[in-house]
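Single-structure report; data block below.
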Amino acid sequence: MATLVDPGTAVAGEAAPRVWWTRRRKEALAGYVFVAPDLLGLLVFVGLPMVLAVGVSLFSVDGFGGYTYVGLDNFRQMAEDAQLWQSVKVTLTYMVTFVPIGFVVSLGLALLVRDHFPGVGLVRTMFFLPHVISLVVVGVVWQFLLADKQGAVPALLRPVGLGDVSFLGNPALALGSLVVISIWFLMGYQMLILLGGLKDIPKEYEEAARVDGATSWQRFRHVIWPLLRPTSFFVLVNSTVGAVTGLQAFDLVYVLTKGGPANSTSSVVFYIYQQAFTFNNYGYAAALTTVVVGFLVVATGLMFGLTKGGRFDVG
Amino acid sequence: MSVRLRALVGYVLAAVTVAPLVWLLVTVLKPADELFEVALPSRFTLDNLLYVLTEVPIGRYMLNSLVVSVAVTVVALVLHSMAAYALARLRFPGRQVIFSMIVSTLLVSLPVILVPLFLVARQLGLLDTYAGLILPAIFHAFGIFLLRQYYLTIPRELEEAADLDGCGYFRRWWQVVVPLSRPVLASLAVLFFLANWNAFLWPLTATRDPELRMVQVGIATLQGQYGSAWNYVLAATVIAAVPTLIAFVLGQRRLVEAIKTSGLK
Chain A
1315 MATLVDPGTA VAGEAAPRVW WTRRRKEALA GYVFVAPDLL GLLVFVGLPM
1365 VLAVGVSLFS VDGFGGYTYV GLDNFRQMAE DAQLWQSVKV TLTYMVTFVP
1415 IGFVVSLGLA LLVRDHFPGV GLVRTMFFLP HVISLVVVGV VWQFLLADKQ
1465 GAVPALLRPV GLGDVSFLGN PALALGSLVV ISIWFLMGYQ MLILLGGLKD
1515 IPKEYEEAAR VDGATSWQRF RHVIWPLLRP TSFFVLVNST VGAVTGLQAF
1565 DLVYVLTKGG PANSTSSVVF YIYQQAFTFN NYGYAAALTT VVVGFLVVAT
1615 GLMFGLTKGG RFDVG
Chain B
149 MSVRLRALVG YVLAAVTVAP LVWLLVTVLK PADELFEVAL PSRFTLDNLL
199 YVLTEVPIGR YMLNSLVVSV AVTVVALVLH SMAAYALARL RFPGRQVIFS
249 MIVSTLLVSL PVILVPLFLV ARQLGLLDTY AGLILPAIFH AFGIFLLRQY
299 YLTIPRELEE AADLDGCGYF RRWWQVVVPL SRPVLASLAV LFFLANWNAF
349 LWPLTATRDP ELRMVQVGIA TLQGQYGSAW NYVLAATVIA AVPTLIAFVL
399 GQRRLVEAIK TSGLK
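Chains A and B, in that order, give the protein sequences. Be aware that the first sequence starts at 1315, since it is given in our numbering, and climbs by one per residue. Be aware that the second sequence starts at 149, since it is given in our numbering, and climbs by one per residue.
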């Protein structure tokens, strides 16, 4: 506390240091007691698993929990694992399509519903609605809508002559469908965050630009875009992390395609799940986890370095 | 864009966005033989919903989800609020280090640590128990982080007044800070409840016992079991979505605030 110390109190404090000392000690004790449950929980259910992944990655684990030390064998196995590289490719393809397209769509929606028009609140709610529904429900619904020959989407495409396209059965289209469905699910959420950023930009700035004769594109490019940068950065980091390790990379894949057809939608996190819980290769799955965690640590460090701790000079 | 054009584009896009959900609702009210027809049903029927409610233990699944979601939400709010108060207000050696450690776990999501978390839960005997569904879901840095940011904005004078009245740290937290943070706690409550009701991966991994199935796992199981009996699977998804829609309608404003502010850090 930066309160001014009354000289009288300071003298009194010197005369009785024990009182001041216990007070400080009490505060520290209270602090530890208050933090302890959460800290312990995070250590056991987040920290310990991260450390454990490294340990287990050096073992081969059988279905009954028997551990055999195998050194770096699990890591060597990765190099020759074609299915792993396929899943890396899937995750990267998903990332480089979902992140930018999703961002542009979300920003477009945010700009569209930024200012008042009749029913704007309801329109925002409707954009957000898919995000309230669970990914499992989303997966089931879209599987139904995209069903070969029978689904509503092929039925609507029939007049155009595309009715027999198989969206989830065709390796070339399945991942694309996954990207579109993910955007549908997440665009309302990202729109809300961007809307928060847009609302923080003072209207006067745009008015001033308008008075100076700036077109709407110029106002966006030179006023809104630079001032929205911190929020955009947050959204982009969030959706990049989500694309690689988010729940959508597992739940949607599990319900919609089970990784198929021909592993065309098997993301890295889905592949790790399969290795552990379908094939009982816990050791190998732990080794893959270690690599992903290592990748995350490096990526986070890089991001922090590049952005000076996530801080931007606004403007 | 003129206001009128913007409004028109907004209405059309919003209608397209919710169309799949409206389609879902219409479909479960159709007779089974008209399921795939792209048209309104010849008659509306509750058969599909009634079948799922009576023939499938969806009530049991929803009860499990309710127990777990409410337990996680309540316990998490209490623990996160305490920790956040200490991290925002109390001075103790190591506070900064502890806070950095907590924040650094923000990037670690469940799918990343799923396998080792499963091994930890197995060692602790948490598999196939309610505790195993609840405990790992409680500890997440997001809530602690958001509450701490909020507590930094509460004027110190209020606490100092309580201090002068002889309140200890526990009462200062419970009787001054918690009542003042009711809005943000409500926002987080909606967020936590929805996240846990919609949780799939951990309940899928941590339980084998059908009695412990949470509702999302229940739906996925139906999807496997009933294969092409789409009317039942879809009816189950509609029933499972009802509590999320209620939570959303009741807490919409709070939820929106929480999401908007989460982007401003």
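Note that beta-carbon positions come from the ideal geometry of N, C-alpha and C, so glycine has one too.
Considering only heavy atoms of the ligand ATP, does any lie closer than 6 Å to the CB of residue i?
{"i": "B:Asp357", "result": "What this structure holds is no ligand at all, so the ligand ATP is not there to describe."}
Nearest to residue i by CA position, among the options, is which residue?
{"i": "A:Val1493", "options": "A:Phe1547, A:Gly1422 and A:Val1404", "result": "A:Val1404"}
{"i": "A:Gly1433", "options": "B:Phe318, B:Pro264 and B:Val160", "result": "B:Val160"}
{"i": "B:Leu235", "options": "B:Leu312, B:Trp321 and B:Thr175", "result": "B:Trp321"}
{"i": "A:Val1611", "options": "A:Lys1517, A:Val1427 and A:Met1364", "result": "A:Met1364"}
{"i": "A:Pro1414", "options": "A:Met1501, A:Asp1526, A:Trp1531 and A:Ala1528", "result": "A:Met1501"}
{"i": "B:Leu214", "options": "B:Phe340, B:Leu352 and B:Arg270", "result": "B:Phe340"}
{"i": "A:Tyr1519", "options": "A:Tyr1503, A:Val1410 and A:Pro1540", "result": "A:Pro1540"}
{"i": "A:Val1339", "options": "B:Glu405, B:Tyr317, B:Leu403 and B:Arg361", "result": "According to the sequence shown, residue 1339 of chain A is Arg rather than Val. Minimum Cα distance to A:Arg1339 is reached at B:Tyr317."}
{"i": "A:Ala1393", "options": "A:Val1347, A:Ala1601, A:Thr1559 and A:Leu1354", "result": "A:Ala1601"}
{"i": "A:Val1370", "options": "B:Thr193, B:Thr392, B:Ile261 and B:Thr277", "result": "B:Ile261"}
{"i": "B:Asn212", "options": "B:Ser190, B:Ala269 and B:Gly280", "result": "B:Gly280"}
{"i": "A:Thr1554", "options": "A:Tyr1346, A:Met1617 and A:Ala1522", "result": "A:Met1617"}
{"i": "A:Gly1465", "options": "B:Cys315, B:Ala162 and B:Trp171", "result": "B:Trp171"}
{"i": "B:Ser217", "options": "B:Leu173, B:Phe348, B:Val151 and B:Val397", "result": "B:Phe348"}
{"i": "B:Ser257", "options": "A:Asn1552, A:Leu1425, A:Asp1429 and A:Leu1426", "result": "A:Asn1552"}
{"i": "B:Ser410", "options": "A:Gly1435, A:Gln1504 and A:Ala1523", "result": "A:Gln1504"}
Can you find the residues in the same chain that come closer than 8 Å, C-beta to C-beta, to residue i, ignoring five residues on each side of it along the sequence?
{"i": "B:Ser329", "result": "Ser229, Leu295, Tyr298, Tyr299 and Ile302"}
{"i": "A:Trp1456", "result": "Ser1491, Ile1495 and Leu1570"}
{"i": "B:Glu307", "result": "Arg237, Arg320, Val324 and Val325"}
{"i": "B:Ile387", "result": "Leu197, Val200, Leu201, Ile206 and Met210"}
So residue i packs on residue j, CB below 8 Å; how close in whole Å?
{"i": "B:Val223", "j": "B:Ile286", "result": "5 Å"}
{"i": "A:Val1450", "j": "B:Gln364", "result": "4 Å"}
{"i": "A:Leu1509", "j": "B:Lys408", "result": "7 Å"}
{"i": "A:Phe1458", "j": "B:Trp378", "result": "6 Å"}
{"i": "A:Thr1571", "j": "A:Ile1586", "result": "A:Thr1571 to A:Ile1586, Cβ: 17 Å. No contact."}
{"i": "B:Thr165", "j": "A:Phe1441", "result": "6 Å"}
{"i": "B:Gly242", "j": "B:Val338", "result": "Actually they are not in contact, since the Cβ atoms of B:Gly242 and B:Val338 sit about 33 Å apart, beyond 8 Å."}
{"i": "A:Phe1359", "j": "B:Leu265", "result": "6 Å"}
{"i": "B:Ala343", "j": "A:Ile1447", "result": "13 Å between Cβ atoms; not a contact."}
{"i": "B:Gly207", "j": "A:Phe1431", "result": "Not quite, the Cβ-Cβ distance comes to about 43 Å (not below 8 Å), so this is no contact."}
{"i": "A:Asn1388", "j": "A:Tyr1568", "result": "Wrong, their Cβ atoms sit about 24 Å apart, outside the cutoff."}
{"i": "A:Gly1385", "j": "A:Leu1398", "result": "At roughly 19 Å, the Cβ-Cβ gap does not stay under 8 Å, so A:Gly1385 and A:Leu1398 are not in contact."}
{"i": "B:Ala231", "j": "A:Phe1348", "result": "6 Å"}
{"i": "A:Ala1557", "j": "A:Met1409", "result": "4 Å"}
{"i": "A:Ala1647", "j": "A:Thr1579", "result": "Lying before the first or after the last residue shown, residue 1647 of chain A is absent from chain A, which here runs from 1315 to 1629."}
So, for residue i: in the same chain, excluding its five sequence neighbours on each side, which residues have a beta-carbon less than 6 Å away from its beta-carbon?
{"i": "A:Val1319", "result": "Low confidence applies here, because A:Val1319 scores a pLDDT of 46, under 50, leaving its location unreliable; read the following figure in that light. Here the set comprises nothing."}
{"i": "B:Phe247", "result": "Leu235"}
{"i": "B:Arg402", "result": "Ala334, Ser335 and Val338"}
{"i": "B:Leu370", "result": "Val381 and Ala384"}
{"i": "A:Gln1400", "result": "Asn1577"}
{"i": "B:Met210", "result": "Val363"}
{"i": "A:Ala1306", "result": "This structure cannot speak to residue 1306 of chain A, because chain A is shown only from 1315 to 1629."}
{"i": "B:Pro179", "result": "Thr193"}
Output needed for residue i: all residues of its chain with C-beta closer than 7 Å, excluding positions within five of it in sequence on either side, in chain order.
{"i": "B:Ala416", "result": "Here chain B covers residues 149 to 413 and nothing more, so residue 416 of chain B does not appear."}
{"i": "A:Glu1497", "result": "It should be noted that the sequence gives Ile, not Glu, for residue 1497 of chain A. Closer than 7 Å at the Cβ level, and outside the excluded window around A:Ile1497, lie Phe1412, Ile1415, Gly1416 and Val1419."}
{"i": "B:Ala395", "result": "Val338, Phe341 and Leu342"}
{"i": "B:Glu405", "result": "Ser335"}
{"i": "A:Thr1407", "result": "Leu1489"}
Can you pull the chain C neighbours of residue i, defined as C-beta to C-beta under 8 Å?
{"i": "A:Gly1560", "result": "No chain C is part of this structure, whose protein chains are labelled A and B."}
Compile a chain-ordered list of the residues in the stretch 231 to 246 of chain B whose CB is closer than 7 Å to at least one CB of chain A. Across the stretch 231 to 246 of chain B, CB contacts with chain A closer than 7 Å involve Ala231, Tyr233, Ala234, Leu235, Leu238, Arg239, Phe240, Pro241, Arg243 and Ile246, in sequence order along the chain.
Got a sec: which bits of the stretch 152 to 169 of chain B sit with their beta carbon under 7 Å from any beta carbon on chain A, in order along the chain? Under the 7 Å Cβ criterion, the stretch 152 to 169 of chain B contributes Arg154, Ala155, Val157, Gly158, Tyr159, Ala162, Thr165, Val166, Pro168 and Leu169.
Identify each residue in the stretch 1584 to 1610 of chain A for which the Cβ-Cβ distance to at least one residue of chain B is less than 7 Å, and report them in chain order. Of all residues in the stretch 1584 to 1610 of chain A, only Ile1586, Tyr1587, Ala1590, Phe1591, Tyr1596, Ala1599, Ala1600, Thr1603, Val1606, Val1607 and Leu1610 place a beta-carbon less than 7 Å from a beta-carbon of chain B.
Near-chain A residues of the stretch 356 to 372 of chain B (beta-carbon distance less than 7 Å), N- to C-terminal order: In summary, the residues of the stretch 356 to 372 of chain B whose CB is separated from some CB of chain A by less than 7 Å are Gln364, Ile367, Ala368 and Gln371, in the order they occur in the chain.
Taking Cβ-Cβ distances below 7 Å as the criterion, which residues of the stretch 325 to 350 of chain B are in contact with chain A? Using a CB distance below 7 Å, the part of the stretch 325 to 350 of chain B facing chain A consists of Leu342, Asn346, Phe348 and Leu349, ordered along the chain.
Quick one: which unbroken alpha helix (DSSP H) runs of 4-plus residues sit fully inside the stretch 312 to 350 of chain B? Chain order, please. Within the stretch 312 to 350 of chain B, the complete alpha helix (DSSP H) runs of at least 4 residues are 330 to 345.
What are the start and end residues of each continuous alpha helix (DSSP H) run of 4 or more residues lying completely inside the stretch 232 to 303 of chain B, in chain order? Annotation: the stretch 232 to 303 of chain B contains the following complete segments of the alpha helix (DSSP H) (minimum length 4 residues), in chain order: 243 to 252, 258 to 271, 278 to 286 and 289 to 299.
Runs of 4 residues minimum, wholly inside the stretch 1527 to 1580 of chain A: which ones carry the alpha helix (DSSP H) assignment? The alpha helix (DSSP H) runs of length 4 or more contained entirely in the stretch 1527 to 1580 of chain A are, from start to end of the chain, 1530 to 1533, 1543 to 1559 and 1562 to 1570.
3-residue-minimum beta strand (DSSP E) runs that sit fully inside the stretch 1352 to 1386 of chain A, ordered along the chain: Counting whole runs of 3 or more residues, the stretch 1352 to 1386 of chain A contains the beta strand (DSSP E) stretches 1373 to 1375 and 1381 to 1383.
Complete runs of the alpha helix (DSSP H) confined to the stretch 369 to 412 of chain B [at least 4 residues]: Entirely contained in the stretch 369 to 412 of chain B, the alpha helix (DSSP H) runs reaching 4 residues are, in chain order, 378 to 410.
Contiguous alpha helix (DSSP H) assignments of at least 4 residues, all confined to the stretch 1411 to 1466 of chain A: For the stretch 1411 to 1466 of chain A, the full-length alpha helix (DSSP H) segments reaching 4 residues or more read 1434 to 1446 and 1449 to 1460 along the chain.
Interface positions of the stretch 1363 to 1374 of chain A facing chain B (Cβ-Cβ less than 7 Å), listed along the chain: Within the stretch 1363 to 1374 of chain A, the qualifying residues are Pro1363, Met1364, Leu1366, Ala1367 and Val1370.
Within 9 Å of chain B by C-beta, residues of the stretch 1374 to 1402 of chain A in sequence order: Going along the stretch 1374 to 1402 of chain A in chain order, one finds Val1375 and Gly1379 with a Cβ nearer than 9 Å to chain B.
At 4 residues or longer, what runs of the alpha helix (DSSP H) sit wholly inside the stretch 173 to 225 of chain B? The qualifying runs are 195 to 203.
The stretch 1521 to 1532 of chain A: positions lying closer than 9 Å to chain B by Cβ: So the close ones are Ser1530.
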